[in-house]
Amino acid sequence: MRKTIGILVIVLGVILALYVGGWALFYDGIFDIVKAIDSNTVTAMVVGIGVIKVSVGSIVGWLIFYFWWVVGFLIWGFDDRYNSVKRRKRRRM
0 MRKTIGILVI VLGVILALYV GGWALFYDGI FDIVKAIDSN TVTAMVVGIG VIKVSVGSIV
60 GWLIFYFWWV VGFLIWGFDD RYNSVKRRKR RRM
């Protein structure tokens with residue numbers, strides 16, 4: 000059950016990273032610049048915010064993905080064979 004929840008959390012992280020980093024920042028930043036150019040209302044503020052969105056989008060996306068990846072692996076946990084010390088049976092002669 001823990002592995003399933005961990006995988007779901009990692010998949011959620013991928014979806015959130017693609018949405019926030021790829022769509023909300025990268026694509027929307029380009030769209031804001033193009034919309035400002037198309038409507039002849041180009042200002043330094045609009046272009047500056049658009050460039051910052053585009054340049055920061057991938058970094059934010061990777062940070063979101065990494066955070067949810069770590070949370071997913073912490074929920075997933077490690078296999079018991081790595082955490083427990085194997086006891087060797089003693090041979091009696």
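Per numbering that gives the first Met the number 0: the sequence shown = residues 0 to 92.
Just so you know, even glycine gets a beta-carbon here, dropped at the ideal spot from N, CA and C.
Item, Value
"In chain order, what residues of the same chain have a beta carbon less than 7 angstroms from the beta carbon of Val-13, not counting five sequence neighbours either side?", "Phe-64"
"Find out if the Cβ-Cβ distance for the pair Gly-20, Val-53 is shorter than 7 angstroms.", "no"
"Just the Cα atoms here: how many angstroms apart are Gly-56 and Arg-1?", "31 angstroms"
"Apart from the five residues just before and just after Trp-67, which ones in its own chain have a Cβ nearer than 7 angstroms to its Cβ?", "Val-8, Ile-9, Leu-11, Gly-12, Leu-15"
"Between the alpha carbons of Ser-38 and Asp-31, how many angstroms are there, rounded?", "11 angstroms"
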